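Visitor: Numbering (this note's numbering), first residue to last: 267 to 445.
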């Protein structure tokens, strides 16, 4: 995966696609974080954040700030973990991004828990779960609406079929009567 993200970064650099560079550097950072290469993860996240800041890409800024916060959490640096995660949360709230808010709250939950701030951890966890529940309900409502549309369509098709069969039967009867 790392090789492909680096290729993508190189293509975006040659093409001048700065928004693609944000995604490439963030993805490279994700891979390095997964590989527990924290230094390279942080370096790539900060590069992605720099570009996102220059382009004023709020959602990207929120996501990347939270990723940086998570790296600091892994490093045991609670102060910076809270700083970047709270920065992420403020940005996410400003644009109404529930997924970014939820992620920031979960990072804050883990940071507070790790630093023994259990009251703050519980509060962050409750906020994350509230968002999770609401986004889950939205998904369920969408699923129900899709099922209702499918049911309505199938019902309409069945009624039309029965009506057509009645017309065909009447036409056949009329033909028989005329013979």
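For each residue, glycine too, the CB sits at the ideal point set by N, CA and C. Keep in mind the model is a prediction, meaning the values are calculated, not measured.
According to DSSP, is residue 323 part of a helix, a strand, or is it coil?
Guide: In the chain shown, counting from the first residue as 1, residue 323 sits at position 57. It is coil, neither helix nor strand.
Visitor: What's the gap between the Cα of residue 429 and the Cα of residue 415?
Guide: Locating residue 429 in the chain shown gives position 163, where the first residue counts as 1. Locating residue 415 in the chain shown gives position 149, where the first residue counts as 1. When rounded, the distance between both Cα atoms is 21 Å.
Visitor: Where do the ends of the alpha helix (DSSP H) carrying residue 289 lie?
Guide: As a first step, residue 289 must be located in the chain shown, where it is residue number 23. Residue 289 -> alpha helix (DSSP H) spans 284 to 300.
Visitor: Please tell me whether residue 375 and residue 390 are closer than 7 Å, where the distance is taken between their beta carbons.
Guide: On the chain shown, position 109 is the one that residue 375 refers to. On the chain shown, position 124 is the one that residue 390 refers to. In this structure, residue 390 lies closer than 7 Å to residue 375 by Cβ.
Visitor: Taking the continuous alpha helix (DSSP H) assigned at residue 365, which residues delimit it?
Guide: Numbered from its first residue, the chain shown carries residue 365 at position 99. It spans 364 to 380 - the alpha helix (DSSP H) in which residue 365 sits, taken as one unbroken run.
Visitor: Would you call residue 338 buried or exposed, if buried means 16 or more other Cβ atoms sit within 10 Å of its Cβ?
Guide: Taking the first residue of the chain shown as 1, we reach residue 338 at position 72. That one is buried.
Visitor: Would the beta-carbon of residue 304 fall within 7 Å of that of residue 271?
Guide: Mapped onto the chain shown, residue 304 falls at position 38. Mapped onto the chain shown, residue 271 falls at position 5. For residue 304 and residue 271, no; Cβs fall outside 7 Å.
Visitor: Should residue 330 and residue 315 be called a contact, given that it needs their Cβ atoms to be closer than 7 Å?
Guide: In the chain shown, counting from the first residue as 1, residue 330 sits at position 64. In the chain shown, counting from the first residue as 1, residue 315 sits at position 49. Result yes, Cβ atoms of residue 330 and residue 315 sit closer than 7 Å.
Visitor: Let me check you understand the geometry: is the CB of residue 324 closer than 6 Å to at least one non-hydrogen atom of the ligand NAP?
Guide: Among the ligands in the structure shown, none appear at all, so the ligand NAP cannot be discussed.
Visitor: From residue 439 to residue 431, what does the alpha carbon distance come to, in whole angstroms?
Guide: For the purposes of this step, residue 439 is taken as residue 173 along the chain shown, with counting starting at 1. For the purposes of this step, residue 431 is taken as residue 165 along the chain shown, with counting starting at 1. Their backbone Cα atoms lie some 12 Å apart in a straight line.
Visitor: For the alpha helix (DSSP H) that residue 275 lies in, which residues bound it at each end?
Guide: The residue you call residue 275 lines up with position 9 of the chain shown. 268 to 281 is the span of the alpha helix (DSSP H), which, as asked, contains residue 275.
Visitor: In three-state DSSP terms, what is residue 434?
Guide: The residue you call residue 434 lines up with position 168 of the chain shown. Of the three classes helix, strand and coil, the one that applies to residue 434 here is helix, per DSSP.
Visitor: Have a look at 441, 268, 325 and 384 and flag the residue whose alpha-carbon is nearest the alpha-carbon of residue 356.
Guide: On the chain shown, position 90 is the one that residue 356 refers to. Put simply, of 441, 268, 325 and 384 the residue whose alpha carbon is nearest the alpha carbon of residue 356 is 325.
Visitor: Quick check on residue 399: does DSSP put it in helix, strand or coil?
Guide: Counting from 1 along the chain shown, the entry for residue 399 is found at position 133. Looking at residue 399 - three-state DSSP - the assignment turns out to be helix.
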